[in-house]
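Peer 1:
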């Protein structure tokens, strides 16, 4: 079959390499196309897939809702998640050091009076019978050796939970940085959305 | 070692191709198996990975909670996210044009009276001292050049935020389409779940 | 060009294989490196990408909020999602069989009195005019053939929704297992976080 050939070694190598290239190109073309397609898909997934992170909007200022928010946040941080808490409106209560009335316009004084006194003095959302609810709640928790709200806030700071005061809410409600805890961050809705969009758990409390 | 061979060119090519196939098959088999396995995993991930999207249930009807919901929604839409808002129960307040009492059964009239008057007249959840809270809130926001709630709702519509009125809630509360803003969508829990399951951020406000 | 060679078949095969190895190694090295990099990325994504699952914290105990929570949960389960509900604080109301006062300390009796009577007797968060709201709500829902709250709770159990009572809340509020529905689970914040971190939809109601 066919004429027998006489071939030099370099010709043989060239021939073999050429044949290999054809084969390998044909076979790898599919693999490389699949690979490229997967890389594209994985790139999009990487942009949209959450990180091991939880982000909470803390809107309510009652002791029970704050307590629930901090329980979830501290729990998540203890389990190794990165946690961000954004305090807006009544939630700013949790970050207050104490009452500050000096140098405020009348309207802002009114809001300051309506805002409770920092985490020691927040009302519960239900049990607030003649102001007794929060004390009672504290008593029950102490009896059962559960951390108090101020302790949980301190714990949150120790655990590196990112606590952000909403500057727009501060503006609307006339709350200044001097009234809030040290070592907190300040930001707006864009800061919140940046963290929330990377989070497995997003809550509005 | 061994007998020298005499070979035709076509025999040489056939021999080389056969050897190449063996080698390449062996080597590519692993790669192709890995590739197939990754494609399977990536397929599952693609079904479950969120899109750049935020979905809110708006259940509360107070001015401050509505304001928080619209701030987040408008912020997300401004940052390029697709945003859906599902208005249920008291949240339907945000979508009301104005009071409509005509042609209702007594029970529905009662609900209509309990539902505030559309976004201009919603109570705040806390500061509502003798009805003064919402006005005061508007005054504070105007003083600080922050968008009012009706402006934010208009902005949400302009930004293409999908606003869906919950038809079951409308049924329970006796609210008709004629009472709600034009250019909104209508749907149920399945509509909500479809959007929420694709979202990075899911909130109940 | 070059000297013609005389070669044995085994020498030819060895030569060809060697050439193929060089070529294939060079070409596959890239593919395998890309594959390995993708496998790493996909592994991380798999850990962080949600499953087809929804997880709700049920904190509020009013009929309307409970109704909204169960509507979403039952809807999601009906669409094939795995659903977990974590009942904390006032949300425990939904799981109560009936009032149980016997053998409690005074403080706990107070909480028991403040907690409504199980899902038949929960207040609505708004329409509660002289206690009439919840009855009225039930009347409206019956008129429109919508499932009542106790029916929805039964449906949730039938659909295999995981209902977890928060043991810390039970402790704080003096609620015992005997007071709650059979066939529910018990857990804490770690149980919740484990499920929530795998969920597409996370809500705080």
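Protein chains in written order, with this note's numbering: chain E, 642 to 846; chain C, 642 to 846; chain B, 642 to 846. Each residue gets a CB set at the ideal place from its N, CA and C atoms; glycine is no exception.
Find the nearest neighbour of residue 843 of chain C within the set C:694, C:718, C:659, C:818, judged by alpha-carbon distance.
Peer 2: Of the listed residues, the one whose Cα sits closest to residue 843 of chain C is C:694.
Peer 1: Check whether the Cβ of residue 771 of chain B lies closer than 8 Å to any Cβ atom in chain C.
Peer 2: For residue 771 of chain B, the predicted structure reports a pLDDT of 47, less than 50, and the residue's modelled location is therefore unreliable. A value from the coordinates is still provided. Not closer than 8 Å to any Cβ of chain C, the Cβ of residue 771 of chain B fails to qualify, so no.
Peer 1: Nearest by alpha-carbon distance to residue 840 of chain E: which of E:678, E:658, E:697 is it?
Peer 2: Of the candidates E:678, E:658, E:697, the one whose C-alpha sits nearest the C-alpha of residue 840 of chain E is E:697.
Peer 1: State the Cα-Cα distance for the pair residue 685 of chain C and residue 817 of chain E, rounded to the nearest angstrom.
Peer 2: Their backbone Cα atoms lie some 48 Å apart in a straight line.
Peer 1: What's the C-alpha gap between residue 703 of chain B and residue 725 of chain B?
Peer 2: Near 19 Å, if we compare the C-alpha coordinates of residue 725 of chain B and residue 703 of chain B.
Peer 1: Let me know the beta strand (DSSP E) ranges lying completely inside the segment 660-748 of chain B, each 3 residues or longer, listed in chain order.
Peer 2: Here the runs fully enclosed are 692-699, 723-728.
Peer 1: What did DSSP end up calling residue 801 of chain E once you bin it into helix, strand or coil?
Peer 2: Note: residue 801 of chain E maps to coil in three-state DSSP.
Peer 1: When the Cα atoms are used, what is the spatial distance from residue 658 of chain C to residue 719 of chain B?
Peer 2: Cα to Cα, the separation comes out at about 57 Å.
Peer 1: Can you find a C-beta in chain E that's less than 8 Å from the C-beta of residue 845 of chain C?
Peer 2: So yes, residue 845 of chain C belongs to the interface.
Peer 1: I want to see whether chain C comes within less than 8 Å of residue 666 of chain E, judged by CB atoms only; does it?
Peer 2: So no, residue 666 of chain E is outside the interface.
Peer 1: Mind pulling the chain B residues with CB within less than 8 Å of residue 680 of chain E?
Peer 2: Near residue 680 of chain E (Cβ distances below 8 Å), the residues of chain B are 675, 679.
Peer 1: Can you list the residues of chain E that residue 692 of chain C reaches, using a CB-CB cut of under 7 Å?
Peer 2: Ordered by position in chain E, the residues that pass the 7 Å Cβ test against residue 692 of chain C are 689.
Peer 1: Using beta carbons (cut-off 8 Å, strictly below), is residue 716 of chain B in contact with chain C?
Peer 2: Closer than 8 Å: yes.
Peer 1: Check whether the Cβ of residue 819 of chain C lies closer than 8 Å to any Cβ atom in chain B.
Peer 2: It does not; no Cβ of chain B falls within 8 Å.
Peer 1: Per DSSP, residue 842 of chain B is paired with what?
Peer 2: Looking at the DSSP assignment, residue 842 of chain B forms a beta bridge with B:695.
Peer 1: Looking at the strands, I want to know which residues DSSP matches up with residue 821 of chain E.
Peer 2: According to DSSP, residue 821 of chain E bridges with E:737.
Peer 1: Is it true that the CB of residue 735 of chain E sits closer than 8 Å to the CB of residue 728 of chain E?
Peer 2: Their beta carbons are under 8 Å apart, which means residue 728 of chain E touches residue 735 of chain E by this criterion.
Peer 1: If you follow the alpha helix (DSSP H) that residue 828 of chain E is in, where does it begin and where does it stop?
Peer 2: Note, residue 828 of chain E: premise wrong, no alpha helix (DSSP H); beta strand (DSSP E) at 826-828.
Peer 1: Under three-state DSSP, which class holds residue 649 of chain E?
Peer 2: In the structure shown, residue 649 of chain E sits in a strand (DSSP, three-state: E or B).
Peer 1: Under 8 Å, with one C-beta from each stretch per pair, do the segment 787-806 of chain B and the segment 822-835 of chain B reach the 3-pair mark?
Peer 2: Yes: the two stretches touch, three or more of their Cβ pairs being nearer than 8 Å.
Peer 1: Give the residues from the segment 829-845 of chain B that approach chain E closer than 9 Å (Cβ to any Cβ), ordered along the chain.
Peer 2: Under the 9 Å Cβ criterion, the segment 829-845 of chain B contributes 829, 830, 831, 833, 834, 835, 837, 838, 839, 840, 843, 844, 845.
Peer 1: Using 8 Å as the limit for Cβ to Cβ distance, is residue 734 of chain B near chain E?
Peer 2: With 8 Å as the cut-off, residue 734 of chain B does not count as an interface residue toward chain E.
Peer 1: When the cut-off is 8 Å and only beta carbons count, does residue 709 of chain B lie next to chain C?
Peer 2: Closer than 8 Å to some Cβ of chain C, the Cβ of residue 709 of chain B qualifies, so yes.
Peer 1: How would you list, in chain order, the residues of chain B whose beta-carbon sits under 8 Å from the beta-carbon of residue 658 of chain E?
Peer 2: Correct list: 660, 664.
Peer 1: Would you kindly report the start and end of the unbroken alpha helix (DSSP H) that includes residue 813 of chain C?
Peer 2: Taken as a continuous stretch (DSSP letters only), the alpha helix (DSSP H) holding residue 813 of chain C covers 808-814.
Peer 1: Please compile the residues from chain E whose C-beta is within a distance smaller than 8 Å of the C-beta of residue 706 of chain C.
Peer 2: Within chain E, the residues near residue 706 of chain C are 700.
Peer 1: Report the residue from B:733, B:708, B:672, B:831 whose alpha carbon sits nearest the alpha carbon of residue 810 of chain B.
Peer 2: Here the closest residue by C-alpha is B:733.
Peer 1: What does the Cβ neighbour count give for residue 791 of chain C, buried or exposed, with the cut at 16 atoms within 10 Å?
Peer 2: By the neighbour-count rule (16 or more Cβ atoms within 10 Å), residue 791 of chain C is not buried but exposed.
Peer 1: Is the segment 672-685 of chain C in contact with the segment 666-675 of chain E, if contact means three or more CB pairs nearer than 8 Å?
Peer 2: Yes: the two stretches touch, three or more of their Cβ pairs being nearer than 8 Å.
Peer 1: Run through chain E and tell me which residues come within less than 8 Å of residue 816 of chain B, C-beta to C-beta.
Peer 2: Per Cβ cutoff of 8 Å: no residues; residue 816 of chain B is ~12 Å from chain E at best.
Peer 1: What residues of chain E sit near residue 730 of chain B, judged by a beta carbon separation below 7 Å?
Peer 2: Correct list: 705, 709.
Peer 1: Looking only at its chain, what residues have a beta carbon closer than 7 Å to the beta carbon of residue 796 of chain E, apart from the 5 residues adjacent to it on each side?
Peer 2: The answer, listed in chain order, is 715, 788.
Peer 1: Would you say residue 720 of chain C lies against chain E (beta-carbon separation less than 8 Å)?
Peer 2: For residue 720 of chain C, the answer is yes, since a Cβ of chain E falls inside 8 Å of its Cβ.
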